[in-house]
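J.:
Protein chains: 2
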Amino acid sequence: MAASAIPEFTGDHGTTTQEYAYSRLRNAIIVGAFAPGTALTIRGLAQELNLSPTPIREAVRRLSSENAIQVLGNRRLRVPDMSLGRFEELVHLRISLETHAAERAFPYISTVIIEKMRALDDQMDVALAAGDLDALTRINQAFHKDLYGLNPHQAVMPMIESLWLQLGPFQRQVIKTIKVSAMIDRHKEMLAAMEARDVTALCSALESDIRDGSIRLGRAILRNQAGETVT
Amino acid sequence: MAASAIPEFTGDHGTTTQEYAYSRLRNAIIVGAFAPGTALTIRGLAQELNLSPTPIREAVRRLSSENAIQVLGNRRLRVPDMSLGRFEELVHLRISLETHAAERAFPYISTVIIEKMRALDDQMDVALAAGDLDALTRINQAFHKDLYGLNPHQAVMPMIESLWLQLGPFQRQVIKTIKVSAMIDRHKEMLAAMEARDVTALCSALESDIRDGSIRLGRAILRNQAGETVT
DNA sequence: TTTATTCCTTTGTGATCTCTTTTAGGCTTG
DNA sequence: CAAGCCTAAAAGAGATCACAAAGGAATAAA
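For the protein sequence lines, the chains are A and B, in the order given. Quick note: the first sequence uses our numbering, first residue 11, plus one each step. Quick note: the second sequence uses our numbering, first residue 11, plus one each step.
1) Got a sec: which bits of the stretch 158 to 177 of chain A sit with their beta carbon under 9 Å from any beta carbon on chain B, in order along the chain?
2) By alpha-carbon positions, which one of A:21, A:37, A:197 ends up nearest to residue 128 of chain A?
3) Please give me, in chain order, every unbroken run of the alpha helix (DSSP H) with length at least 4 that falls completely inside the stretch 161 to 191 of chain B.
4) Residues of chain B with CB closer than 7 Å to the CB of residue 71 of chain A, please, in chain order.
5) Start and end of the alpha helix (DSSP H) containing residue 123 of chain A?
6) Are the Cβ atoms of residue 179 of chain A and residue 21 of chain A separated by less than 8 Å?
7) Give the interface partners of residue 77 of chain B over in chain A, defined as CB-CB distance under 8 Å, in chain order.
8) What residues are listed by DSSP as bridge partners for residue 67 of chain B?
9) So, under 8 Å CB-CB, residue 204 of chain A and residue 219 of chain A are touching, yes? Tell me the CB distance rounded to an integer number of Å.
10) Identify whether residue 143 of chain A lies in helix, strand or coil by the three-state DSSP scheme.
11) Using a Cβ cut-off of 8 Å, which residues of the stretch 95 to 116 of chain A contact any Cβ in chain B, in chain order?
12) With 16 as the cutoff for other CB atoms within 10 Å, does residue 172 of chain B come out buried or exposed?
13) If you follow the alpha helix (DSSP H) that residue 26 of chain A is in, where does it begin and where does it stop?
14) Could you name the residues of the same chain whose beta carbon sits closer than 7 Å to that of residue 157 of chain A, not counting the 5 residues immediately before and after it, in chain order?
15) Please say whether residue 65 of chain A and residue 52 of chain A have beta carbons closer to each other than 8 Å?
16) In whole angstroms, give me the CA-to-CA distance for residue 72 of chain A and residue 210 of chain B.
17) List the residues that DSSP assigns as beta-bridge partners of residue 87 of chain A.
18) Starting from the C-beta of residue 68 of chain B, find all residues in its chain whose C-beta is less than 7 Å away, skip the five residues before and the five after it, and write them out in chain order.
19) Hey, residue 143 of chain B and residue 76 of chain B are a contact pair by Cβ (cut 8 Å); roughly how many whole angstroms apart?
20) Using the C-alpha atoms, what's the distance from residue 185 of chain B back to residue 195 of chain A?
21) Using a Cβ-Cβ cut-off of 6 Å (strictly less than) and excluding sequence neighbours within five positions of residue 247 of chain A, which residues of its own chain qualify?
22) Taking the alpha carbon of residue 19 of chain B as the reference point, which residue from B:31, B:37, B:60 has its own alpha carbon closest?
23) State the start and end residues of the unbroken alpha helix (DSSP H) segment that holds residue 113 of chain A.
24) Determine the extent of the alpha helix (DSSP H) in which residue 20 of chain B is found, giving its start and end residues.
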């Protein structure tokens, strides 16, 4: 229970304990290790990670400012619930923000970056075949991140990551529900548009990638719920 | 020095000490009380606010996750510097995000909210006449916030506020530099578009409001700098 | 006069301890 | 039988303390 709740992963955990706690919790949320609505306690998380409550509190505060964790009025913590309205809002925001990011990254696209992204896309096929959903999520995000990060002055990446954090807990429900074979992405289309240096086609493929990847499925699942809330 | 550095203000300071520290620091940054590049210390801020370092640390961590405060590798804190590239990126982002927010708030516009916003616009004239720049900033933000918050499922407001935080320290430099009489906003245009229920006109006026309010002035000032960096 | 080194001060970090609040469970009472 | 209350356990908040790392200043050497 303890070890399985917060998945381990290899990556940059930073230098301080607080950064370590932050990266562990952040990863857990973004890959969907916590279901929407899960209640969390600082002391409980501290015990799971074998840390004192102090760095956990700081990590939780950061995540609350990124809207990945809700701090309720009664001082209790929870992973936010998902509703149809909020879900659609988040997906629309993803499209707006990521399209914006792609447009502003566009002038910096090079053959080097296209090859790098193609390699990531290949890695996704491997992870898909292995059924490693955590890795699939992380590689998919790396693919998008590499593109948006091309713009050296970009300030949008932290906001996009906040959206990924907010969608993470629910996204996993979606991924678990559908057949893996049904998972299509538009990465090949995006790469082709990048090679053709066609910004319109790139944004169009990106929008489809986001929309296909979530909105249909999300709607289907949420519509089946009794109320507006999913747990 | 101590009392003058972090301005006091009336508003919701929350229930916990950490929330109080957060709202004081947040307000200080958003109204531009700290110049870009200012170095901060946790213990120093704690002394200024008569608190222990713990809640300050938590508030600072939250602000760092909103990109309002930079945590340097050597454990030092600073208000981020502004460069021409970053400034233009932030303004473009403001336009994208706030246009998005206005579009999605549009169906919820009512005469009640138009009147509320008109009242805020009137308050701005008062603050302008009184030369109260802090109030001017806060009322202007309340004006925009009232509009964007109409959409009950909106998730974009925290991101817009992150942008305001990032522009705050520099914005004050801009406001101090230009004559107060030159400060024009497009709020009347926005209100007219809202009354006419014209979403295109609203977004157009909003974009002008953001652009006129910052980009020309920002460019002029930053272009005059020797390098790319302003302090 | 300039540069490198050393020591002292300052600061961030994280664990612990105490205090207060909240919750949950069982009991009493209507 | 249900609703409200009381008590005990658990949790969050914040101060404090101890430790380690980073800066700055003073001194010595070139």
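Backbone N, C-alpha and C define an ideal beta-carbon position, used for all residues, glycine too.
T.: Quick answer:
1) So the list reads 161, 162, 163, 164, 165, 166, 168, 169, 172, 173, 176, given in the order they occur along the chain.
2) Comparing alpha carbon positions, the residue from A:21, A:37, A:197 closest to residue 128 of chain A is A:197.
3) At a cut-off of 4 residues, the continuous stretches assigned as alpha helix (DSSP H) that sit fully inside the stretch 161 to 191 of chain B are 167 to 187.
4) The answer, in chain order, is 68, 71, 72.
5) Annotation: the continuous alpha helix (DSSP H) that includes residue 123 of chain A extends over 121 to 140.
6) Between residue 179 of chain A and residue 21 of chain A, the C-beta gap is not smaller than 8 Å, which leaves the two residues out of contact.
7) Think of a sphere of 8 Å around the beta carbon of residue 77 of chain B: the chain A residues whose beta carbon falls inside it are 165, 168, in chain order.
8) Answer is none; residue 67 of chain B lacks a bridge partner.
9) Wrong, their Cβ atoms sit about 13 Å apart, outside the cutoff.
10) Helix, per DSSP.
11) Against chain B - using a Cβ distance shorter than 8 Å - the residues of the stretch 95 to 116 of chain A are 95, 96, 98, 99, 100, 102, 103, 106, 107, 110, 114.
12) In this structure residue 172 of chain B is buried. Its beta-carbon is surrounded by 16 or more other beta-carbon atoms within 10 angstroms.
13) Where residue 26 of chain A is concerned, there is no enclosing alpha helix (DSSP H), given that its DSSP letter is neither H nor E.
14) Closer than 7 Å at Cβ, skipping near neighbours: 112, 115, 127.
15) In this structure, residue 52 of chain A sits away from residue 65 of chain A, with a CB-CB distance that is not shorter than 8 Å.
16) When rounded, the distance between both Cα atoms is 37 Å.
17) Answer by DSSP bridge pairing, in chain order: A:50, A:81.
18) Within the same chain, and ignoring the five residues on either side of residue 68 of chain B in sequence, the residues whose Cβ sits closer than 7 Å to its Cβ are 28.
19) Residue 143 of chain B to residue 76 of chain B, Cβ: 22 Å. No contact.
20) One C-alpha to the other measures close to 47 Å.
21) Nothing about residue 247 of chain A can be read from this structure; chain A reaches only from 11 to 241.
22) B:37 is the residue among B:31, B:37, B:60 whose C-alpha sits nearest the C-alpha of residue 19 of chain B.
23) Segment 94 to 115, the alpha helix (DSSP H) holding residue 113 of chain A.
24) DSSP places residue 20 of chain B in no alpha helix (DSSP H); its state is neither H nor E.
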